[in-house]
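Data block below; observations after.
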Amino acid sequence: MKLKVLGATAFSLMLSLFLISCGATEDDSIEPDTVNAQALISTEYVSEVSDADSSVSNASEAKSFEDDPWNKVYQLDMPSLYSQITEVNDAENFEGSWEATNCLSAVSGSLNITNQTSKGFHVEGDFLYGYRTGTLSGEAYFVSPNMAICSQNDIEDSTSDGYMVLYLENDSLYVNSDPGVGSMGMSVSPNNEYTKGEPVYKNGDNLNKTFTQEELDNILKLVGDEVYKYPFLECTNNFIVDSSEKALDSGVSCKYVQCYFSDMPENYTAILASDGRIYIELHSYSEDYFFTNDSDWTSNKMPEVK
-18 MKLKVLGATA FSLMLSLFLI SCGATEDDSI EPDTVNAQAL ISTEYVSEVS
32 DADSSVSNAS EAKSFEDDPW NKVYQLDMPS LYSQITEVND AENFEGSWEA
82 TNCLSAVSGS LNITNQTSKG FHVEGDFLYG YRTGTLSGEA YFVSPNMAIC
132 SQNDIEDSTS DGYMVLYLEN DSLYVNSDPG VGSMGMSVSP NNEYTKGEPV
182 YKNGDNLNKT FTQEELDNIL KLVGDEVYKY PFLECTNNFI VDSSEKALDS
232 GVSCKYVQCY FSDMPENYTA ILASDGRIYI ELHSYSEDYF FTNDSDWTSN
282 KMPEVK
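Put into structure tokens, the structure is as follows:
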């Protein structure tokens, strides 16, 4: 028996058209004093300890912290850095097409950098948070051979005051900006690691990691083509998926799957029992669904698990 609370609608989001990939590497080709930006790295990260072994451990952690490109970016005093704009004749090559990497495919973006000179370059970008989008277009200016910065006045249609830093290290581009730089939808941001190579999704293999092919075939048969494509596949391929082993109240073991993403309305919960029973509750942008192949189940709610 199949129970369906609300039928599917013709509504379909353009999420999959915008969901861009994400991947990359790490190194440290710029020293903090190169930028002279009021201490790139916080010296308060390591506390003094008397135990010798602890001191060695903390020193190792401090080096790891300092070597992390993100910490070099996030510890910057961007207003101070902006005052240090200068011409750089030996700047690294920022030009090219960059894709967000090492992120969820639902929180990604792309940058296109052109017209690089000794002063800086032109940057344009498109960004994504779920199905919300953002754009920016403007000029960034060098403060070192591998770092550039811009303010809200350098970027078209910025909605509030702020800055954006672009830091190049070992073929990866790290971007950090204040909210409101550019024209951004709610929660949308250019903040990401970017690569010119093949981007990597943190959730890129959700489907195969979570379900067997037999389970997918059974879900497709149960929910039908339309709901299987959206929201089931869209959510699975682009959002966060948690899977764990639980048991129904009857004691039958089951796979318990939850797929969600922050404040997006699309999500689902699925229970795949070891005896073949399936219960799945899905939410699209505008509809709610419940399906089961359990002929004895008369509720339109998910069964309890423990």
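Counted the way the working numbering counts, the sequence shown spans residues -18 to 287.
The C-beta atom is built at its ideal place from N, Cα and C for all residues, glycine as well.
- The beta-bridge partner set that DSSP reports for LYS227 consists of CYS235.
- Where CYS131 is concerned, there is no enclosing alpha helix (DSSP H), although the beta strand (DSSP E) around it starts and stops at 128 to 132.
- Under the DSSP definition of a beta bridge, ALA251 partners with VAL238, ILE261.
- Beta-bridge partners of ASN93 (DSSP): SER78, GLU105.
- Listed in chain order, the non-local C-beta contacts of GLU226 below 7 Å within the same chain comprise SER234, LYS236, local neighbours out to five positions each way being set aside.
- Sequence-distant partners of SER99 (beyond 5 residues in either direction) whose C-beta falls short of 8 Å from its own C-beta, in its chain, are GLU68, VAL69, ASN70, ALA72, PHE123.
- According to the DSSP assignment, VAL54 belongs to no beta strand (DSSP E) but to the alpha helix (DSSP H) extending over 50 to 55.
- The beta-carbon distance between LEU109 and ALA87, rounded to whole angstroms, is 7 Å. This is short enough to meet the 8 Å contact definition.
- TYR175 is the residue among TYR175, GLU268, ASN199, ASP223 whose C-alpha sits nearest the C-alpha of SER78.
- Our two residues, ASN274 and ASN83, have alpha carbons roughly 38 Å apart in a direct line.
- In the three-state DSSP reduction, VAL146 falls in the strand class (E or B).
- Taking 9 Å as the cut-off, the Cβ atoms of PRO180 and GLU80 count as close.
- Judged by beta-carbon spacing, GLY111 lies within the 9 Å limit of SER243, meaning their Cβ atoms are closer than that value.
- Collapsing the DSSP output to three states places GLU68 in coil.
- One thing to note: SER153 has its Cβ no nearer than 9 Å to the Cβ of TYR144.
- Residues PHE102, HIS103 of the same chain have their beta carbon placed closer than 7 Å to that of ASN96, with the five preceding and five following residues left out of the count.
- Straight-line measurement puts the Cα of ASN93 at about 20 Å from the Cα of GLY161.
- TYR155 and PRO284 do not touch by the CB rule: their CB atoms are close to 46 Å apart, not below 8 Å.
- Between the alpha carbons of ASN127 and LEU117 lies a distance of about 21 Å.
- For SER153, the secondary structure class from DSSP, reduced to helix, strand or coil, is strand.
- The three-state reading of DSSP puts ASP206 in helix, counting H, G and I together.
- Taken atom to atom, the span from the alpha-carbon of ASP159 to that of ILE221 is near 25 Å.
- Taking THR191 as the centre and dropping the five residues before and after it, the same chain places the C-beta of THR217, VAL222, SER224, VAL238 closer than 8 Å to its C-beta, in chain order.
- It is roughly 16 Å from the alpha-carbon of GLN65 to the alpha-carbon of GLU120.
- Per DSSP, the beta-bridge partners of LEU117 are GLY106.
- Counting along the chain, the unbroken alpha helix (DSSP H) around THR191 starts and ends at 187 to 191.
- For GLU174, the pairing in a beta bridge is given by DSSP as THR82, TYR155.
- DSSP, reduced to helix, strand and coil, places MET283 outside both helices and strands of the structure shown, so it counts as coil.
- In this structure, MET59 keeps its C-beta atom at 9 Å or more from the C-beta atom of GLY115.
- Here LYS53 is buried: its Cβ has 16 or more other Cβ atoms, across all protein chains shown, within 10 Å.
- CA-to-CA, the gap between ASP138 and SER91 works out to about 18 Å.
- Between SER89 and the set LYS183, GLU195, ASN151, ASP135, the nearest pair of CA atoms involves LYS183.
- Of the candidates GLU247, LYS287, GLN194, GLU247 places its Cα closest to the Cα of ASP269.
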